[in-house]
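A quick write-up on the structure given underneath.
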Amino acid sequence: MRVLVTGAAGFIGFHVARYLLERGDTVVGVDNINPYYDVRLKEARLGLLTGHERFHFIRLDLADREGMNELFVGQRPERVVHLAAQAGVRYSLTNPHTYVESNLVGFLHILEGCRHTRVEHLVYASSSSVYGANTKMPFSVHDNVDHPVSLYAASKKANELMAHTYSHLYAVPTTGLRFFTVYGPWGRPDMALFIFTKAILEGKPIQVFNHGNMRRDFTYIDDIVEGVVRVLDTVPQPNPAWSGMTPDPGTSKAPYRLYNIGNNQPVELLHFIAVLEACLGRKAEKQLLPMQPGDVPETYADVDDLMRDVGFKPSTPVTTGIARFVEWYRQYHQVE
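Counting from 21, one number per residue, gives the positions in the sequence shown under my numbering.
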């Protein structure tokens with residue numbers, strides 16, 4: 021297939037693009053290489069893709085309406101994996117406008133491109149953050165998610181609503197993927213594992229929020245990629261049993277689906293840190309702090325729909341995933 025992957029220089033986008041190339045697809049990668057975090061890391065990821073004969077890179081901002089139109093008309097992708105976004109819950113507290121430009125305006129341009137060039141399937145990144153103030157565990161795509169607690173979460177919920185509109189009005193098949201705390205090699209420097217590893221190796225304290233009373237459904241990058249690609253290959257069909265009397269948020273009479281991709285095994289943050297300490301062979305100095313605004317104490321994914329429809333559920337334990345991350349980190353940064 022000819023697949024457009026947005027955010028191709030990003031953490032998940034890089035891994036997805038590499039997987040698609042390895043299985044024989046042609047990949048058109050798009051990224052604006054913004055300086056939200058170290059551009060050198062993005063360029064290093066991109067460097068592993070650009071030598072491939074079936075990889076074509078275009079530097080472009082999603083908010084560029086004319087440029088996005090030219091992209092779709094010129095490249096004519098059969099399917100789209102939309103992973104570019106302004107990420108980060110905490111960053112959204114101080115930089116709200118960035119989320120509107122990238123996550124809302126940019127997503128509209130993706131939807132318009134898919135509509136006018138008749139893309140077979142749009143798969144896009146949502147987030148576990150959409151569950152917001154929900155406390156019923158595990159989180160299910162069939163539950164209502166109308167109480168986000170950060171603008172980042174609200175922008176991702178908005179993406180799901182926008183996608184449904186285009187699936188309903190124009191029969192554009194769309195699938196939203198709610199990712200749960202993704203980690204692994206080539207990960208983002210603003211994520212906890214990267215921050216903790218860097219601080220511990222430098223002998224600096226780490227900040228542990230909510231006094232460590234946090235549980236996360238940490239999901240290893242290879243599991244995320246496997247889930248993304250399996251979903252990409254499964255074009256959603258309308259749910260004939262869907263009823264407006266008892267509306268199911270996870271499906272529709274339109275070709276629209278939502279899935280959680282999470283490890284389905286929440287891990288205590290302090291255990292996560294202990295595993296990291298063991299892999300590094302060093303102890304962390306912990307600063308126990310209160311909960312940050314916009315954060316939630318626990319995430320836990322119900323992945324029954326993913327299992328039923330694509331035959332896959334994430335399963336990599338944190339002991340394996342963290343060890344692989346530490347090995348990559350030491351090699352990439354050339355530290356012992």
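All residues carry an ideal CB built from backbone N, CA and C; glycine is no exception.
Where the alpha helix (DSSP H) containing residue i begins and where it ends
i, result
"Y359", "Outside the shown range of the chain (21 to 356) lies residue 359, about which nothing can therefore be said."
"S112", "109-112"
"L66", "59-67"
"R250", "241-252"
"T217", "212-221"
As assigned by DSSP and simplified to three states, the class of residue i
i, result
"Y172", "helix"
"Y203", "strand"
"S122", "helix"
"H102", "strand"
"Q307", "strand"
"H184", "helix"
"D329", "helix"
"E86", "helix"
"R79", "strand"
"G340", "The sequence given here places Thr at residue 340; Gly does not occur at that position. Helix."
"E73", "coil"
"Q351", "helix"
"R138", "coil"
"L190", "Before going further, note that residue 190 is Tyr rather than Leu in the sequence given. Y190 falls in the helix class under three-state DSSP."
"S149", "helix"
"Y255", "In the sequence as presented, Tyr is not what sits at residue 255; that position holds Val. Note: V255 maps to coil in three-state DSSP."
"K273", "coil"
"E132", "helix"
"H167", "coil"
Residues near residue i in its chain [Cβ-Cβ closer than 6 Å; skip 5 each side]
i, result
"G270", "V161, H162, L278"
"G44", "none"
"L40", "V23, V47"
"H102", "T26, I130, Y144"
"E305", "P225"
"Q95", "V48"
For residue i, the first and last residue of its enclosing beta strand (DSSP E)
i, result
"V228", "226-228"
"V25", "22-26"
Strand pairing of residue i, partner residues [DSSP]
i, result
"E288", "R235"
"G196", "Y144, L278"
"F127", "In DSSP, F127 forms no bridge with anything."
"L51", "Looking at the sequence shown, residue 51 is not Leu but Asp. D51 pairs with R79."
"A321", "F159"
"T46", "R22"
Cβ-based neighbour list, residue i, same chain, cut-off 7 Å, excluding 5 preceding and 5 following
i, result
"K303", "E297"
"A178", "L124"
"H72", "L41"
"V287", "R235, R236, F238, V338"
"R99", "M21, V23, V139, E140, H141, L252"
Close-in-space but distant-in-sequence residues of the same chain around residue i (CB under 8 Å, 5 per side omitted)
i, result
"N259", "D268, T271, S272, K273"
"V150", "V165, P168, A173, K176, K177, E180, R198"
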